[in-house]
Structure formats: structure tokens, C-alpha cells
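Residue numbers (UniProt numbering): 1 to 249. Idealized CB from N, CA, C, for every residue including glycine.
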Amino acid sequence: MSEYLDTPQGRRLAYHRSTGRGPWVVFCGGLKSDMEGSKALHLEAWAQREGRAFLRFDYSGHGESSGAFTDGCIGDWHEDTLAAVDALTEGPVLPVGSSMGGWQALLLARARPGRIAGMVTIAAAPDFTEDGYWAGFSDAQKVQLESVGHVELPSDYMEPYVITRRLIEDGRTRLVLRSPLRLPFPVRFLQGTDDTAVPVATAVRLLDHAEGPDMRLTLVKDADHRFSDETCLDVIETALEDVLERAGA
């Protein structure tokens with residue numbers, strides 16, 4: 001059974017929390033994903049076997065949490081992440097961010113720099129509202145976004161995404177690849193070469209842009225954006241254990 005957190009912004013977030021030794025491993029899911037996905041559940045099972053503290057949660061407009069997806073934006077989900085971390089964990093945290101959750105992990109590190117012990121990202125998609133959606137829109141789509149307030153985009157993985165003007169405009173205030181991005185802790189970026197949602201070039205750009213003493217990018221040949229078959233789940237687990245070891249945890 002999920003538990004629920006009422007945030008300072010008046011949203012209600014569903015979560016599952018497993019106590020154990022720190023740092024807290026916090027799974028940050030992707031756009032339109034939820035905390036019942038295979039990666040989140042696999043890591044929860046790993047944490048429980050290892051006696052590790054673990055948190056998974058649904059952003060507002062996702063899964064069991066309150067609100068509609070089309071009402072949300074990167075900033076709202078950043079507020080949700082901060083609320084969950086602040087209220088439900090203590091001490092150092094190690095975010096594991098998948099796709100949009102990778103962007104959220106980076107925003108978390110910027111907002112709570114003193115609490116981050118390390119980071120793992122999986123097909124991280126920083127700045128995707130600008131570099132993916134807006135950059136890929138036709139002139140007609142840009143006009144529609146301005147006049148109607150949203151456009152629909154097909155997805156390889158689920159029903160079409162409804163992209164709102166608020167999502168695009170708010171995303172511009174949350175960009176992390178246009179200014180210094182300091183990650184002074186162990187970081188492992190994971191990426192599949194057959195990912196049609198987030199290209200390898202994005203992972204390389206993130207690696208090149210970020211500053212830190214211990215960053216590595218691992219490419220898994222033929223892995224797609226889901227990054228959730230047995231091989232990929234093992235890669236995630238290994239990366240997480242590596243970061244924990246290097247963080248002295």
C-alpha cells in the first residue's frame with residue numbers, strides 16, 4: 001500500500017519508503033512514468049536485500065499522486081522531488097534518475113548540494129523541453145502551442161504526449177546545460193545506444209558539460225530507452241554499488 005505526502009504546494013504524492021542504512025537511494029522516474037516500473041521495483045528489492053534506505057514516489061500528475069499530467073511542468077515536479085526528499089529522508093541522499101528523472105536528479109543536486117552523496121542517471125534527459133521538444137517543433141507546431149496552448153507528440157513507448165506551453169516555458173527556467181553544472185561526488189551516467197527518445201549525443205553532452213572529479217558514462221549496446229531488461233538492470237545495480245563504494249557508504 002502506498003503512503004501519501006501532502007506537499008507545501010498543496011499536492012498529494014504517493015510513495016513507498018524502506019528504512020535502512022544510508023545514504024538514502026531515491027528513485028526519480030521519467031516523464032509519464034510511475035513508481036511501479038521495473039527499474040524502481042528492482043532497486044527497491046535490491047535495497048531491501050542490502051538493508052539500504054530507499055524511496056520511490058510519484059510526481060504530481062503521475063501514478064497514484066494527485067493532479068493531472070497536463071497541468072504539470074518541470075518546476076512542479078522539482079518541487080515534488082524536494083518535498084519528498086526533505087520530508088521522507090534524512091542525511092545524505094543518492095538520487096537515481098531515469099530520463100526526465102535524470103534532469104530532476106541534477107536539479108536536486110543544484111538545490112540541495114550539501115546532501116548529495118552520489119548520483120546515477122539512466123538515459124538522462126536534461127533540458128529536453130528546449131533541446132528536444134521546442135527545437136524539434138515545426139513552425140506550425142510552435143504557432144499551435146502559442147494559440148491553442150498544447151501540441152500532441154507521438155511516443156514510441158506509450159500514448160501520445162500532450163506538450164503544453166507551460167511545460168516549455170517553465171522548462172526554460174530550469175535548464176542545466178547552459179550554466180556551470182558542478183557534481184562534486186561520484187556520478188555514473190548510463191545510456192543505451194538504441195535509445196530513440198534520448199540520443200547518445202545527449203549523454204555525451206552531459207558528460208562533457210558537467211564538472212566533477214569522478215564521472216563516467218557507460219554505453220550499453222542495443223539497449224533502448226526503457227533500459228530495463230535483465231542486463232540493463234544489472235548495469236544499474238553495479239553502477240549504484242560502485243557509487244556507494246566510492247562515496248564511502
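C-beta contact flag for residue i and residue j at 9 Å
i: G118; j: P23; result: yes
i: L177; j: D127; result: yes
i: R115; j: V93; result: yes
i: M35; j: F54; result: no
i: A123; j: S138; result: no
i: A223; j: D242; result: no
Helix, strand or coil at residue i according to DSSP, with G and I counted as helix
i: M119; result: strand
i: Y15; result: strand
i: D6; result: strand
i: P95; result: strand
i: A53; result: strand
i: G63; result: coil
Status (buried if at least 16 other CB within 10 Å, exposed otherwise) for residue i
i: V235; result: buried
i: P213; result: exposed
i: S65; result: buried
i: M1; result: exposed
i: V143; result: exposed
i: Y4; result: exposed
i: G171; result: buried
i: S228; result: buried
i: V187; result: buried
Residue range of the alpha helix (DSSP H) that includes residue i
i: E146; result: D139 to V148
i: T81; result: I74 to L88
First through last residue of the beta strand (DSSP E) which encompasses residue i
i: W134; result: Taken as a continuous stretch (DSSP letters only), W134 belongs to no beta strand (DSSP E), as it is neither H nor E.
Enumerate, from N- to C-terminal direction, the unbroken alpha helix (DSSP H) stretches of 4 or more residues contained entirely within the stretch 197–236. 200–209
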